[in-house]
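A.B. asks: Before I ask anything, let me first share the structure, which is written out below as structure tokens.
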Amino acid sequence: MAARTFSTTLTGADTRLQAGLAALFVGALLVFGVGLAHSSALHEAAHDTRHAYGFPCH
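Numbering (the UniProt record's numbering), first residue to last: 1 to 58.
Next comes the structure, spelled out in structure tokens:
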């Protein structure tokens, strides 16, 4: 009985798309995760950035 192995490689466009989606997800998590946090230190650290994106925090 022979075992088969398969390998896939991503093309340049696939790699860029995955990197872009990962960056979008991490960025949204940071902006909205910190925006909804109750810690005052997190709030003050991201205050100006949230206002720049139009995220209400008051």
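Cβ atoms here follow ideal geometry from the backbone N, Cα and C, with glycine treated the same way. Owing to the predicted nature of the structure, the values given are computational and were not obtained by experimental measurement.
Alpha carbon to alpha carbon, how far is A52 from R16?
C.D. replies: Approximately 27 Å between the Cα atoms of the pair.
A.B. asks: Closest to L54 by CA distance: which of E44, S39, V31 and A19 is it?
C.D. replies: With the sequence shown as reference, residue 54 is identified as Gly, and Leu is not the correct amino acid for it. Comparing Cα positions, the closest option is V31.
A.B. asks: Assuming the contact rule is C-beta atoms closer than 8 Å, V34 and A46 should be a hit. Round their C-beta distance to whole Å, please.
C.D. replies: V34 to A46, Cβ: 4 Å. Contact.
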